[in-house]
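Chains as they are written, first to last, in this note's numbering: chain R, 1 to 317; chain H, 318 to 846.
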């Protein structure tokens, strides 16, 4: 649509912006209609509620409303930065999220590439279906499975004991928490996340492989020089989006899996917001923390996008 | 850690907050001036309501056997007896906290809200809600329209002191017990295991230690002792032997004290960490949910647990299926020296500040709302709220309301009674609870668990002012998180008890002393009511 506007605006440059829009609207009536609904949706459900973030600068009370509640400036932000757990939850958030990006992000890509090499269609389809099955297990059930496996007398400790090590209550051990979190993430989401990459792989021109084979490239070389460059744009877009969510970790999963013994490594920004906002009803405070969360995510998103633009010429905008 | 998992719909919350912000300011700010002179509904029940109706929000979910409140026999009977048409709303799936907050945030208030008004989850307390114009102060309203409640309060000065704010404002039609409620939880052991090991019912901490060791070695119990958090916190199991509890309570000098901030707590931790290290306590204690602990108890991996009178009734038939010889025995809270009376144990206030009905500032028919609520303090209303419908759920036998066979023979007495009654509108009648316990073990348990000095330590319902409440939340959330965390770490041994002094020092950094100061101020104010 942007292109359409540009074209019309050049040929009717003399008549001003209003005229331009009018002409363009008449010309592309149907397109405007089609786009109107999504735009409305975004305005209503994404932009209008944004002003609610203002309550983080207030001592908000629903009864007094936003106009009646007293303004307190940056009080809640300062309270948060000075709070006892600030350093810890920021660190935990970055560690969990960073590990997740480092491990759960590349695995679906490798999985997709390996699957792409399989020539037996029936086998390939079966593996693919089975691999994204865990994604459909309700999180509550998935977490009780994890709890069961990690119990003192559970499956994993069974192996540990067989190997001659001392069994321990895995979910009570702060050092183990990040691995439980990341490995279970891989189990749950690897298959599902690989779908997009498998689709991207299907789009690579077969002739490129034939040409590479003629030049004497083996399987590995073909993967390196044809497959990977073919899906790099998809990978980069997904990575930028993931980095933009760096402070957003699986809050519900952590809430289900953590306990006081693992707060040290498992308490993250979103669980902190949950405890403050919905258990203490400190709405303004948790909005402040939430706003801080969004701002940091936003900064990371921009940074990742810029870096990607410079290095791989792929970017969101 | 009774923080059960609650699904949070942040988007909905944000949106409703935004909506509330738009509508909030248009509401009347303070409706304290209520015209109490006009009376048009008469004074006898059913009221002459002429089809006028009331909107209620109640904390109880719809009974699973019914699709709506209106279908439940209790509310049908209430409508008939009071003559008032009811539109009832409530939480779905037991998520009453979220549901309540969304309602408050939406700005659309019903006429009556039955909620835990004096609980700490209502931040700022009833005074704040009166000041900000959510609910009405009830003094004039009770004088004018609620003769039954007025009479009950006049006859019971102890309750009368507890159910108002420090400024003397009534804020709810209170739900309270007509006498000191029976304790409902305490330690339970496998009696057949005791016999097998040749042991008596344990009395002292040493008895407990020997018993758990015997269970571990002779019965092969993998988790000899097990508990779920909230019961444990409430009963003060074991910590009571050292004169403390994981709570705010009154110490020997009549001052408010927080157990985990005392040296007594260290004595308790020393014992409990020893038990944990020797495998006498379930290894996964911090991650246990009730389903897992149930399966361990029924599966014979556990010989002692903190249970309720109700859970004895639940486990008894389940255990009988697995092991016909299994027997459960309630025992007293452990003490240090033989012959001592336990200092702590479960103990409820007669008025807990929970589940009471407030009339909202948006109610445009205060007279009807007050008269409707006052019905439940009349003789007829109290019987209906406690025992349900005469001839269906109970029969009067020599002046005693005896539960009918239909109720007593049902699979779950409480569940059946929930269809026909709801004492939360009224005053709890102990004659119901004594009939609910059907097994002799349960009756024995309730009697035994009550023999403690817990009442001397129990704080009444305290109402901090808004400023105090704001400050308290600032300290206590961090304090409680830290205490929970360190408690588990000390117990499972990931933190050495040598660091206990550093732990206490950090508690003070988190504002422990300031929090205690506030608690003591609020308690002093209560005493001077």
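A virtual CB, placed ideally from N, CA and C, is assigned to each residue, including glycine.
- Counting along the chain, residue 404(H) sits inside the beta strand (DSSP E) bounded by residues 402 to 406.
- One thing to note: residue 84(R) has its Cβ within 9 Å of the Cβ of residue 795(H).
- Residue 797(H) has its alpha-carbon roughly 33 Å from the corresponding atom of residue 406(H).
- In summary, residue 171(R) is buried, with 16 or more beta-carbon neighbours lying within 10 Å of its beta-carbon over all protein chains present.
- Note that the stretch 80 to 98 of chain R does not touch the stretch 471 to 488 of chain H; fewer than 3 beta-carbon pairs, one per stretch, sit closer than 8 Å.
- Per the C-alpha coordinates, the member of 205(R), 282(R) and 247(R) positioned closest to residue 230(R) is 205(R).
- In the structure shown, residue 372(H) adopts extended strand secondary structure according to DSSP, grouped into three states.
- For the pair of segments examined, the stretch 106 to 122 of chain R was found to touch the stretch 195 to 209 of chain R: the number of CB pairs separated by less than 8 Å reaches three.
- DSSP places residue 750(H) in the uninterrupted alpha helix (DSSP H) bounded by 747 to 753.
- Residue state for residue 179(R) is assigned as helix, using DSSP reduced to three classes.
- If only complete runs of 4 or more residues are kept, the stretch 115 to 191 of chain R shows the alpha helix (DSSP H) at 121 to 131, 139 to 150 and 155 to 162, in order along the chain.
- Counted as a single uninterrupted DSSP element, the alpha helix (DSSP H) harbouring residue 832(H) occupies residues 829 to 844.
- For the stretch 185 to 263 of chain R, the full-length alpha helix (DSSP H) segments reaching 4 residues or more read 206 to 214, 219 to 222, 228 to 243 and 251 to 257 along the chain.
- The continuous alpha helix (DSSP H) containing residue 22(R) extends over residues 16 to 27.
- Excluding its 5 nearest sequence neighbours in each direction, residue 689(H) has C-beta neighbours in its own chain below 8 Å: 364, 371, 399, 401 and 429, listed in chain order.
- Two segments are said to touch when three or more pairs of C-beta atoms, one from each, lie closer than 8 Å; by this definition the stretch 624 to 631 of chain H does not touch the stretch 732 to 747 of chain H.
- Residue 526(H) is positioned such that its CB atom lies no closer than 9 Å to that of residue 582(H).
- Excluding its 5 nearest sequence neighbours in each direction, residue 255(R) has C-beta neighbours in its own chain below 7 Å: 271 and 274, listed in chain order.
- Sorting 815(H), 822(H), 814(H) and 785(H) by C-alpha distance to the C-alpha of residue 440(H) places 785(H) at the top.
- Using a CB distance cut-off of 9 Å, residue 65(R) counts as an interface residue toward chain H.
- Contact between the stretch 769 to 784 of chain H and the stretch 235 to 248 of chain R is absent: fewer than three C-beta pairs spanning the two stretches fall below 8 Å.
- CA-CA distance, residue 840(H) to residue 774(H), rounds to 13 Å.
- For residue 123(R) and residue 117(R), the gap between their C-alpha atoms comes out near 12 Å.
- Look at residue 791(H): its C-beta is under 9 Å from a C-beta on chain R.
- For residue 515(H), the closest alpha carbon among the candidates 466(H), 532(H) and 728(H) is that of 532(H).
- When DSSP states are grouped into helix, strand and coil, residue 728(H) belongs to the coil group.
- Not a single C-beta of chain R is nearer than 9 Å to the C-beta of residue 397(H).
- In chain order, 794 make up the part of chain H whose C-beta sits under 8 Å from the C-beta of residue 276(R).
- Contact of residue 606(H) with chain R is assigned, a C-beta pair being separated by under 9 Å.
- Taken through DSSP and simplified to helix, strand or coil, residue 707(H) comes out as strand.
- For residue 544(H), the secondary structure class from DSSP, reduced to helix, strand or coil, is coil.
- Under the three-state reduction of DSSP, residue 622(H) is assigned to strand.
- Considering only beta carbons, the part of the stretch 422 to 434 of chain H lying closer than 7 Å to chain R consists of 422 and 424, in chain order.
- Classified as buried, residue 662(H) has 16 or more neighbouring CB atoms from the shown chains inside 10 Å of its CB.
- If you look at residue 471(H), you'll find it in the alpha helix (DSSP H) that goes 464 to 472.
- Under the DSSP assignment, residue 89(R) falls in the alpha helix (DSSP H) whose first and last residues are 86 to 104.
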